[in-house]
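Data block below; observations after.
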Amino acid sequence: MEWAWLIPIFSFAAAPLVVLFGKHLPGKGAPLSILAIGGGFVVFWFVLDSWLGAHAGTSGCFTSENTGLLTCDYERSWFNAGIIGDVGSVSLNWGILIDPLTIAMLGLVTFVALMVQVYSLAYMKGDPRFGWYFAVHSLFAAAMLTLVLADNFLLLYVAWELVGICSYLLIGFWHERPKAREAAKKAFIVTRIGDVGLLIGILLIWREVGSFSMLDAFEAARTGAMSEGVATASAILLFLGAMGKSAQVPFHVWLPDAMEGPTPVSALIHAATMVVAGVYLVARTFPLFEAYDADPLLVVSIVGLVTALGAATIALVATDLKRILAYSTISHLGLMMLSLGAFGYTAAIFHMMAHGFSKALLFLGAGSVLHSTESQETGEMGGLRKVMPLTAIVFSLGALSLGGIPILAGFWSKDEILVAVNDNRNVTFIVLTLFTALLSALYMGRAMFLVFWGPLKDRNSNVHDAPLAMALPMVLLGVLALGFGLISFNWPGSFGGFGTFVFFGHGEPFHFEVWLGALSIVMALAAFYAAYQIYAVKSISLDGLRSRNSGFLKIVENKYYFDEVYQWTIDRVVLVFSRFIAYFDRAIINDIIVNGPADLTRKFGIMIRVHVTGHVYTYTLAMALGSVGLGIFVWLRVV
Amino acid sequence: MVDLVYFQLLSAALFVIGLYGVMARRSAVLIVMSIELMLNAVNINLIAAASHMDGTGKFANFDGQLIAIFIITVAAAEVGLALAIILRIYRNRSTVNVDEINLMKW
Chain A
675 MEWAWLIPIF SFAAAPLVVL FGKHLPGKGA PLSILAIGGG FVVFWFVLDS WLGAHAGTSG
735 CFTSENTGLL TCDYERSWFN AGIIGDVGSV SLNWGILIDP LTIAMLGLVT FVALMVQVYS
795 LAYMKGDPRF GWYFAVHSLF AAAMLTLVLA DNFLLLYVAW ELVGICSYLL IGFWHERPKA
855 REAAKKAFIV TRIGDVGLLI GILLIWREVG SFSMLDAFEA ARTGAMSEGV ATASAILLFL
915 GAMGKSAQVP FHVWLPDAME GPTPVSALIH AATMVVAGVY LVARTFPLFE AYDADPLLVV
975 SIVGLVTALG AATIALVATD LKRILAYSTI SHLGLMMLSL GAFGYTAAIF HMMAHGFSKA
1035 LLFLGAGSVL HSTESQETGE MGGLRKVMPL TAIVFSLGAL SLGGIPILAG FWSKDEILVA
1095 VNDNRNVTFI VLTLFTALLS ALYMGRAMFL VFWGPLKDRN SNVHDAPLAM ALPMVLLGVL
1155 ALGFGLISFN WPGSFGGFGT FVFFGHGEPF HFEVWLGALS IVMALAAFYA AYQIYAVKSI
1215 SLDGLRSRNS GFLKIVENKY YFDEVYQWTI DRVVLVFSRF IAYFDRAIIN DIIVNGPADL
1275 TRKFGIMIRV HVTGHVYTYT LAMALGSVGL GIFVWLRVV
Chain B
1164 MVDLVYFQLL SAALFVIGLY GVMARRSAVL IVMSIELMLN AVNINLIAAA SHMDGTGKFA
1224 NFDGQLIAIF IITVAAAEVG LALAIILRIY RNRSTVNVDE INLMKW
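From first to last, the protein sequence lines are chains A and B. So for the first sequence, this note's numbering puts the first residue at 675; every next one is plus one. So for the second sequence, this note's numbering puts the first residue at 1164; every next one is plus one.
Shown next as C-alpha cells:
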C-alpha cells in the first residue's frame, strides 16, 4: 500500500516527457499519457486489494478514532527548518494517507481520467497542440491524485494549486479564442479567491497544532487541544477554498464559462478532478467541521442547498447543451455539499462517484454530439437518436441516472442524500432538496429530449455516430452509470455495501426510507414524462407559463445577475480602488520617492558642472587664486 | 651683498610671468615652458633665501640648495614626460592647442 504514490508518479513523469519529446513519440505522446494513467488505474486495484487485506496491525495502519476508518499513513520527513530540537524549529513531513475515502477517489479519478484520455484520442485528433493537450491532461490527473493521497495540508495545497493551474491551461486550451482566454482567467481568479481562505485556514491550523499533518489536526480537534474558535474558523476557511473549487454560490460563476474548453476537459473537470476537489476537501477535513457543535456543517448545508436550487433553475432555462450540463454539475455539487452538511458523509461520497460517472458520460455524449453537429445550441439539434443511436443511448443513461430513475446509479446516491437531509435537517431543507431533485429530473429530461427526440433537422441529416475510441469510454461509463448503484447494497458475503466502506463515525448498511424513495421515484418519473410531453412530443406548450412569469424567467435566464453584479463590483469598486493604488504608486512611490532623489542629484550635477570648463587656464586660475587665498589665510592666522 | 628682497622680487616677477603664460597660452609647449619658468622662479627664491641664512638652523645653509637641485631633477623628468605626452597628442590630434584637447570634458 505504501506504493500508492506510484499512481500519480506515472502521470507526473508522463507530462514532461510528452511535452519535450512528444513530437518523436508514437501518436505524439498520447499513448504514453494513456499508458501512465492506465498504470495508475492498475496500481489502484493493488492498493484496494491490499487495503482490504490490511487490519489495524499492518505497518502504518490503525483504526482512526476520528473517523472510525482503517487508516494507513506513510509519512517521510521532507525537511527541517531551524535547529533540530529547538522550540522554534519546524519539521515538515510529507506522505500519503490511505483510507476508504482516498481509495474511492483514486478509483474515480484514475478511471474517469483514463476514459476521458482514450476518448480524447479521437476527439482531439488533428488538433495542432495534440501532444500538449495530453501532457496537461496527465499533469491534471497527477495533481488530483496527489491531492487525494496527501496526508498533510501543505502537500494538499501544492496539489490543489496544481489542479487550478492545469484547469486554467485546459479551459484556455484554444487560446486563440478570446472567450476561452477570458474563461480560463475567470476560472483561475475566482477559484483563487477561495484559495486564499484555504491558505489562511491551513496556516491557522498550523499555528494552533504546530504541524501540517491532517491526522494531528483531527486529533487536536477531537481531544480539545484545538480551541473551538480555531476549529470553527479554520473549517469555515477551508470551506471557502472548497466553495471556490467546487463552484458553490457565489463562486460558481467560473464553471459555466469553463465550457469554452474542449468537451473532454469539461468531462474531466466536472467528474473527476477540479470540482470534486472541494467536496473531497470538506470530506477529508470532516473531523474539523464536525468537532464541537458542528456549526460549520450548517453553513455547508445552507450553501449547498442554495447552490443546488439556484443552479437547477438556471439549468432549466439554459439553451446551450454544455451549459445545461454545467449548471447541472453545480446543482449536484450543491447536493453533495448539502449532504456533507447534513452528516451524510457516505451519501455525499457515493453521490460524488455516481455523479462523476454519469456526468463524465453526459459530457462525453455531449462531446460526441458537438463533434458531429458542430453546434452547442439545443435549438439546432433534435431527433439525433436516429443518426447517432449509441450516443443517444449512453447520454440517456447518464441523464436518467442523474435525474434519479431507479436502478441507475444516481437514484441510489440521491436517495441516500435525501435520507441524510431528512434525518438531520429540518423540514425546509428536505422540501427544497426534493424540489431540487424534481428540477434535476426535469432539466435532464429536457436536455435529453431536446437533443435526441423530436424531428431531425436538415442540417444534421449527415451526422455520424462516435468512432470507436469515443464510443468505448462512453459504453464503459454507461455500464457504470447503470450499475454503480448496486455496490451500495448489503450483498451476501463479506462486502457490507458502500455504507460500511466509506463512512464517518461508524459504518451503516444501506437503508431506504420507503416514503422518500417512493416520492422521489414518482417525482422523477413525472418530471421525465412532463419533459417528454413538453420537449419531445411538444403536446404541452409552455408559452402561457412563460408569459405569466416573464419577470422571474428573465432573472433566471440572466443567471440571477451574478455575472453582472461581479462585473459591476469589478468596474466600480475593484478597478476604482486599483486606479487609486496605481495613481499612488505612480505619483508618490515612483515620482517622489524613487525619481525624486534621482532628479535632485541630476539637477545638482547640472548646476555644479559649470566649473568643469575643460580649459586649462580656468583650472590654473582657480589654482592660483586658491593658493593666494590659502596664503592670505595662513598670513592672517600667523599675524 | 645684494639685499634678499631684490632676489624675491625677481623671483616673484618670474613666477607671475610663468603663471600668466600657463593661463594665457593655448599651446601646450608654451605652457610647459611657462611651468619651467615658475619652477626656476622658485629655485631662485630658495637659493637666495639659503645664501642669506645665518647658518644656525638645524639643516644649516644647504636646505635651499638641496631642494633647488631636487626641483631641477624633477623638472627635467617632468619636461621629458610632458614633451612626450605633447608629442603623442600631436600625433593623434594634429594639434597641441589645449582648448581642443577636451575629450574628458563632460
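Note that beta-carbon positions come from the ideal geometry of N, C-alpha and C, so glycine has one too.
Next item on the list: Report whether the distance from the Cβ of residue 1274 (chain A) to the nearest heavy atom of the ligand FAD is below 8 Å.
Entry: This structure lacks the ligand FAD; in fact it carries no ligand of any kind.
Margin query: Could you check whether residue 1119 (chain A) and residue 1056 (chain A) sit closer than 9 Å to each other, using their CB atoms as the reference points?
Written below: no
Notebook entry, point to check: Quick one: does residue 1262 (chain B) have its CB under 9 Å from some CB of chain A?
Noted result: yes
Margin query: Let's test the definition: count the other Cβ atoms within 10 Å of the Cβ of residue 1236 (chain B) and tell me whether it reaches 16, buried, or not, exposed.
Written below: exposed
Check: Looking only at DSSP bridge pairs, what is residue 1170 (chain B) linked to?
Finding: In DSSP, residue 1170 (chain B) forms no bridge with anything.
Next item on the list: Please say whether residue 1034 (chain A) and residue 1069 (chain A) have beta carbons closer to each other than 9 Å?
Entry: no
Next item on the list: Quick one: list the residues of chain B neighbouring residue 1289 (chain A), beta-carbon separation under 7 Å, in chain order.
Entry: 1262
Next item on the list: Step through the CB atoms of chain A and report whether any lies within less than 9 Å of the CB of residue 1237 (chain B).
Entry: no
Notebook entry, point to check: First and last residue of the beta strand (DSSP E) that includes residue 1163 (chain A)?
Noted result: Premise fails: residue 1163 (chain A) is in no beta strand (DSSP E) and is neither H nor E.
Item checked: Integer Cβ distance of residue 753 (chain A) from residue 766 (chain A), believed to fall under 8 Å -> 6 Å
Notebook entry, point to check: Straight-line CA distance for residue 1105 (chain A) to residue 1075 (chain A)?
Noted result: 21 Å
Item checked: 7 Å CB neighbourhood of residue 1227 (chain B) in its chain, flanking five on each side removed -> 1209, 1210, 1212 and 1213
Next item on the list: Please go through the same chain and pick out, in chain order, the residues whose beta-carbon is closer than 6 Å to the beta-carbon of residue 980 (chain A), but skip the five residues on each side of it.
Entry: 923
Next item on the list: Could you name the residues of chain B that residue 1294 (chain A) contacts, counting a contact when the two beta carbons are closer than 9 Å?
Entry: 1182, 1185, 1186 and 1194
Check: Once you ignore the five residues that flank residue 1227 (chain A) on each side, which residues in its own chain have a CB closer than 8 Å to its CB?
Finding: 991 and 1220
Next item on the list: Go ahead and label residue 1165 (chain B) buried or exposed: buried means 16 or more other beta carbons lie within 10 angstroms of its beta carbon, across all protein chains shown.
Entry: exposed
Margin query: Using only the alpha-carbon positions, how far apart do residue 1183 (chain A) and residue 899 (chain A) sit?
Written below: 33 Å
Margin query: By alpha-carbon positions, which one of A:806, A:1123, A:1176 and A:848 ends up nearest to residue 1207 (chain A)?
Written below: A:1123
Note to self: Tell me the residue span of the alpha helix (DSSP H) that contains residue 1236 (chain B).
What the structure shows: 1225-1256
Notebook entry, point to check: Taking the alpha-carbon positions, what's the residue 1194 (chain B) to residue 1286 (chain A) distance?
Noted result: 20 Å
Check: Quick one: what's residue 754 (chain A) bridged to in DSSP?
Finding: A:765
Notebook entry, point to check: In whole angstroms, what separates the C-alpha of residue 1313 (chain A) from that of residue 1197 (chain B)?
Noted result: 33 Å
Checklist line | Run of the beta strand (DSSP E) containing residue 736 (chain A), from where it starts to where it stops | finding: 735-737
Next item on the list: Pick out whichever of A:1149, A:808, A:736 and A:908 has its Cα sitting closest to the Cα of residue 1063 (chain A).
Entry: A:1149
Next item on the list: Taking all protein chains shown into account, decide if residue 996 (chain A) is buried (16 or more other Cβ within 10 angstroms of its Cβ) or exposed.
Entry: buried
Check: Looking only at its own chain, which residues have a Cβ that is under 8 Å from the Cβ of residue 1138 (chain A), when we skip the five neighbours before and after it?
Finding: 1046, 1061 and 1062
Next item on the list: Ignoring anything shorter than 4 residues or poking outside the stretch 678-748 of chain A, list the alpha helix (DSSP H) runs there in chain order.
Entry: 680-695 and 704-727
Next item on the list: Whole angstroms is fine: what's the gap from residue 1247 (chain A)'s alpha carbon to residue 856 (chain A)'s?
Entry: 20 Å
Margin query: As an exercise, report each continuous alpha helix (DSSP H) stretch of at least 4 residues that is fully enclosed by the stretch 1233-1281 of chain A, in chain order.
Written below: 1236-1242 and 1249-1258
Next item on the list: For residue 1208 (chain B), decide whether its Cβ has a neighbour in chain A, counting only Cβ atoms nearer than 9 Å.
Entry: no
Notebook entry, point to check: Which residues in the same chain have their Cβ closer than 7 Å to the Cβ of residue 1205 (chain A), if we skip the five residues on either side of it in sequence?
Noted result: 1116, 1119, 1120 and 1123
Checklist line | Where residue 1255 (chain B) falls, given that 16 or more other Cβ within 10 Å makes a residue buried | finding: exposed
Item checked: Cβ-Cβ separation, residue 1017 (chain A) to residue 1094 (chain A) (assumed contact under 8 Å), whole Å -> 6 Å
Margin query: Cβ closer than 7 Å: which chain A residues qualify as neighbours of residue 1265 (chain B)?
Written below: 1288
Notebook entry, point to check: Would residue 650 (chain A) be called buried (16 or more neighbouring beta carbons within 10 Å of its own) or exposed?
Noted result: Residue 650 (chain A) lies beyond the stretch modelled for chain A, which goes from 675 to 1313, so this question has no answer here.
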